[in-house]
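K.L.:
Have a look at the structure that comes next, please.
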Amino acid sequence: VRARVMQVDESPEVTYEDIGGIEEQINEVRETVEMPLKNPGAFDEVGIQPPSGVLLYGPPGTGKTMLAKAVANQTDATFIKMAGSELVHKFIGEGAKLVRDLFQVARDHEPAVIFIDEIDAIAAKRTESKTSGDAEVQRTMMQLLSEMDGFEDRGEIRIIAATNRFDMLDRAILRPGRFDRLIEVPKPDTDGREIIFQIHTRDMNVADDVDFAELARMADEASGADVKAICTEAGMFAIRDDRTDIRMEDFEEAWRKIQKESEDEDISKT
Ligand code: ATP
Numbered sequence: 133v134r135a136r137v138m139q140v141d142e143s144p145e146v147t148y149e150d151i152g153g154i155e156e157q158i159n160e161v162r163e164t165v166e167m168p169l170k171n172p173g174a175f176d177e178v179g180i181q182p183p184s185g186v187l188l189y190g191p192p193g194t195g196k197t198m199l200a201k202a203v204a205n206q207t208d209a210t211f212i213k214m215a216g217s218e219l220v221h222k223f224i225g226e227g228a229k230l231v232r233d234l235f236q237v238a239r240d241h242e243p244a245v246i247f248i249d250e251i252d253a254i255a256a257k258r259t260e261s262k263t264s265g266d267a268e269v270q271r272t273m274m275q276l277l278s279e280m281d282g283f284e285d286r287g288e289i290r291i292i293a294a295t296n297r298f299d300m301l302d303r304a305i306l307r308p309g310r311f312d313r314l315i316e317v318p319k320p321d322t323d324g325r326e327i328i329f330q331i332h333t334r335d336m337n338v339a340d341d342v343d344f345a346e347l348a349r350m351a352d353e354a355s356g357a358d359v360k361a362i363c364t365e366a367g368m369f370a371i372r373d374d375r376t377d378i379r380m381e382d383f384e385e386a387w388r389k390i391q392k393e394s395e396d397e398d399i400s401k402t
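The numbers in full-length UniProt numbering rise by one with no breaks, and the one at position 103 of the sequence shown is 235.
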């Protein structure tokens, strides 16, 4: 069971250079997660506790998972990921035990970064979700809080959680000693998108006519994940056209396709 819900990566490859448009957020994560891992003594000497848990919130595909992986990479820590939804929906009755296992695995792999994606699935306000009243979900969340509260020496294990639904969260998890540092990870602005286009085309054979600034303006509202999808799709158009270089028109067509797909998705949801 454990192997299927927990993703353990002893040396994640993502670095800060792979993440575009969110420098401020990178700096905050470095200060609150990386520093305590690299230099726990600094906090002791000053006589303060580093934040227990950091909560990243913002729309899907903006780099939250990447950030957590990059910190683990930078500190030579093991990256351990679990999704809140899997904790409670996949193995009914196992949630609390999985949380215990999660922290045990972290202790066995110190230093470690625990990343809990979709924390809202186990920590939604009672009023907001049908499932949050569920005794099983409550037990899972209590177990998580008690593991966090029980951390005396947190230096070697850091916890990062992420959510797309900040509004849904039970405020109890945001109390001091729990997820007491909030970092908003927004969609990139135009300059940020331009950088993300450059990152994802690093290994691509891009033609001279490609204008990243123009692409960034065109792909208004695109998240980092959307930009990545545009780049991959542009490459596909070039292949279909029997070319090895990727031209501006490929990127434009890719953006139209991805926009259309997301519109179709919106329609199918309603
Ligand atoms: P979710 O909330 O859906 O889990 P997330 O915020 O955790 O999303 P990631 O998993 O970090 O998003 O991003 C998905 C992919 O999109 C990344 O693997 C990367 O290729 C690309 N991406 C997202 N944001 C950025 C960014 N800021 N810079 C570069 N690439 C990005």
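C-beta: ideal position from N, C-alpha, C; glycine also.
Can you name, in chain order, every residue of its own chain whose Cβ lies under 7 Å from the Cβ of F344, other than the five neighbours on each side?
P.N.:
Sequence index remark: in the sequence shown, residue 344 carries index 212 (1-based). Cβ within range, chain order: E326, F329, Q330.
K.L.:
How do the region 233-249 and the region 146-160 stand: do at least 3 beta-carbon pairs fall below 8 Å, yes or no?
P.N.:
At 8 Å Cβ cutoff, the stretches do not touch.
K.L.:
Return the CA-CA distance between E353 and G173, expressed in angstroms with no decimal places.
P.N.:
As a working note, residue 353 is residue 221 in the sequence shown. As a working note, residue 173 is residue 41 in the sequence shown. So the two alpha carbons sit approximately 42 Å from each other.
K.L.:
Considering only the beta carbon of each residue, do F175 and P182 sit closer than 7 Å?
P.N.:
Sequence index remark: in the sequence shown, residue 175 carries index 43 (1-based). Sequence index remark: in the sequence shown, residue 182 carries index 50 (1-based). The answer is yes: Cβ separation under 7 Å.
K.L.:
Tell me whether R334 is buried or exposed, calling it buried when 16 or more other Cβ atoms sit within 10 Å of its Cβ.
P.N.:
Indexing the sequence shown from 1 puts residue 334 at position 202. Exposed, because fewer than 16 other Cβ atoms sit within 10 Å of the Cβ of R334.
K.L.:
Flag P192 as yes when its Cβ comes closer than 6 Å to any non-hydrogen atom of the ligand ATP, and as no otherwise.
P.N.:
Reading the sequence shown from its first residue, position 60 is the one you call residue 192. True, at least one ligand heavy atom lies under 6 Å from that Cβ.
K.L.:
Please classify E393: does DSSP put it in a helix, a strand, or coil?
P.N.:
Here residue 393 corresponds to residue number 261 of the sequence shown, with the count starting at 1. Three-state result, E393: helix.
K.L.:
At 3 residues or longer, what runs of the beta strand (DSSP E) sit wholly inside the UniProt domain "AAA+ ATPase" (182-321)?
P.N.:
For the UniProt domain "AAA+ ATPase" (182-321), whole beta strand (DSSP E) runs of length 3 or above, ordered along the chain, are 185-189, 210-215, 244-249, 289-295, 311-316.
K.L.:
DSSP three-state label for V165, please.
P.N.:
As a position in the sequence shown, residue 165 is number 33, starting the count at 1. Helix.
K.L.:
Need the endpoints of the alpha helix (DSSP H) that V338 sits in, please.
P.N.:
Numbered from its first residue, the sequence shown carries residue 338 at position 206. It is not in any alpha helix (DSSP H) - V338 carries neither H nor E in the DSSP assignment.
K.L.:
Please classify I180: does DSSP put it in a helix, a strand, or coil?
P.N.:
In the sequence shown, counting from the first residue as 1, residue 180 sits at position 48. In the structure shown, I180 sits in coil (DSSP, three-state: anything other than H, G, I, E or B).
K.L.:
Just to check, is the beta-carbon of N159 closer than 6 Å to a non-hydrogen atom of the ligand ATP?
P.N.:
Here residue 159 is taken as the residue at index 27 of the sequence shown, counted from 1. No, the ligand ATP has no heavy atom inside 6 Å of this Cβ.
K.L.:
In terms of residue numbering, what span does the alpha helix (DSSP H) encompassing D358 cover?
P.N.:
Taking the sequence shown and counting its residues from 1, one reaches residue 358 at position 226. Looking at the DSSP string, the run of the alpha helix (DSSP H) that includes D358 is 356-372.
K.L.:
With C-beta atoms as the reference, is F298 less than 7 Å away from Y189?
P.N.:
Here residue 298 is taken as the residue at index 166 of the sequence shown, counted from 1. Here residue 189 is taken as the residue at index 57 of the sequence shown, counted from 1. A contact, by the Cβ cut-off of 7 Å.
K.L.:
For the pair the region 360-376 and the region 386-401, tell me if three or more CB-CB distances fall below 8 Å.
P.N.:
Yes: the two stretches touch, three or more of their Cβ pairs being nearer than 8 Å.
K.L.:
Less than 7 Å between the C-beta atoms of M280 and A255, yes or no?
P.N.:
Your numbering for residue 280 matches position 148 in the sequence shown. Your numbering for residue 255 matches position 123 in the sequence shown. It is not a contact, given that the beta carbons lie outside the stated cut-off.
K.L.:
So what's I328 in DSSP terms, helix, strand or just coil?
P.N.:
By 1-based counting over the sequence shown, the position of residue 328 is 196. Looking at I328 - three-state DSSP - the assignment turns out to be helix.
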